[in-house]
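In the working numbering, the protein residues as written are 5 to 162.
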């Protein structure tokens, strides 16, 4: 499972980096066009979508490499077994919460596709963006599940 998570999270990280690069080109192009003639329409909408994609697609890699902020001022003074139990509880609760988030995002994307929902400014379908965000959260859930299972194994063997 660890190898699978590593491959998926790296692929999604590459996609997030590509979306970030598109965002840079869009913003810089908009600034240049504003100086020359008129700016692009819908830049704010596209940058918002791309920001959501960048954040969602990089969550799994961030969790896998533990590149996030972890506040453990109080917990680090607890006994090792209690720390492990708390990590099981936190990783399990995180997995359950973000699984619900991913599930609801998939549902929202499907309903937006069925209704034919369009964005306000550009009037284009936005459900592919919702699906990308749902994919990012689903990959994040896989990493959280692996963390939960490994921490549970650690508690049982201690």
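Positions of the beta carbon are idealized from the N, C-alpha and C atoms, including for glycine.
- Comparing C-alpha distances from residue 143 to each of 6, 105, 40 and 64 shows the shortest one belongs to 64.
- Closest in C-alpha terms to residue 128, from the list 50, 30 and 36, comes 50.
- Fewer than three beta-carbon pairs drawn from the region 42-61 and the region 72-90 are found closer than 8 Å, and the two stretches are therefore not classed as touching.
- The shortest C-alpha to C-alpha distance from residue 131 to any of 125, 118, 34 and 141 is the one to 118.
- Taken through DSSP and simplified to helix, strand or coil, residue 129 comes out as strand.
- Residue state for residue 77 is assigned as coil, using DSSP reduced to three classes.
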